[in-house]
Each structure stands twice: as C-alpha cells, then as structure tokens.
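Since the structure comes first, as structure tokens, the remarks are kept for the end.
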Amino acid sequence: MSPYAWLWVAIVAAGVVSWLTKATGHLVPERWLEHPRVHRIASYLTVALLFALFAVQAFTSGRDLAFDARVAAVAVAAILLWRRAPFIVVVVAAAGVAAGARALGWG
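Basically the numbering used here = 1-based index in the sequence shown + 433.
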C-alpha cells in the first residue's frame with residue numbers, strides 16, 4: 434500500500450475508535466455516573482487536558498522544548514490573571530510582551 438493509503442487507513446481507524454469510545458459511554462450504567470467521585474474526577478480531568486494542550490502549545494516547537502517569547506508572554510499573563518486583571522488586559526499585555534521579546538531577538 435502507498436503511504437497515502439496508510440494515511441487514510443489511519444484516519445478511518447481513528448474515526449472508528451472515536452465512535453466506539455463515544456458509544457461505550459452510553460453503555461455505562463447511570464448510577465456509576467452519578468457518584469460524587471466520578472464528578473470530581475471528571476472536573477479534574479477536564480482541567481488536566483486543557484493544561485496539557487496549553488503546555489504543548491506554549492512550551493514546544495516541533496519536537497523540542499522551546500523557551501522563547503511565548504514563555505515571557507505566559508508569565509506575564511499568569512501574573513496578571515493572578516492579580517485578577519480584566520481578560521482583555523491580560524491578552525493585550527501578553528501579546529505586547531511576546532511582540533517586544535521577538536523584536537529584541539528572543540524567539
């Protein structure tokens with residue numbers, strides 16, 4: 434098989450696995466899902482997945498760790514969020530820091 438054919442096999446397989454995962458969720462007994470521990474784990478899992486997505490986008494470039502202007506922007510955003518600044522201020526400040534760091538040749 435050609436590489437393109439294998440790509441389509443992988444895409445279809447991923448779709449089937451995704452559908453099976455979703456279908457399996459409907460087979461779980463409802464009383465299991467109403468348990469407080471399941472709710473707590475589900476809320477933590479959501480935060481963990483979002484943080485993982487954030488970390489990959491903020492601290493990697495290709496297959497390598499990247500400590501560039503994005504790190505400075507994330508640090509500024511974290512400080513401003515901690516100080517409870519309005520979200521638009523956080524976004525503009527982080528973008529400004531990233532632009533400034535890149536203008537100075539960092540990243």
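We put the beta carbon where it would ideally sit given N, CA and C, even for glycine. Predicted model only: the values in this text are computed from it and were never measured.
Next on the checklist: One question on the structure: do V507 and A532 come within less than 8 Å of each other, judged by their Cβ atoms?
Outcome noted: Sequence index remark: in the sequence shown, residue 507 carries index 74 (1-based). Sequence index remark: in the sequence shown, residue 532 carries index 99 (1-based). No; because the gap between Cβ atoms is not below 8 Å, this pair is not in contact.
Checklist entry - Mind checking whether A398 and A481 have CB atoms under 8 Å apart? => result Coverage of the chain is limited to positions 434 through 540, which leaves residue 398 absent and any answer about it impossible.
Checklist entry - Hey, does V507 have any beta-carbon neighbour from chain C nearer than 8 Å? => result The question asks about chain C, but that chain is absent: this structure has only one protein chain.
Checklist entry - Whose C-beta lies closer than 8 Å to the C-beta of A518 among residues of the same chain, with five residues either side of it excluded? => result Against the sequence shown, residue 518 aligns to sequence position 85. Within the same chain, A518 has close Cβ partners A526.
Item to check | Cβ-Cβ distance between G540 and R496 below 8 Å | outcome: The count along the sequence shown starts at 1 and reaches residue 540 at position 107. The count along the sequence shown starts at 1 and reaches residue 496 at position 63. Against a cut-off of 8 Å, the Cβ pair of R496 and G540 comes out as no contact.
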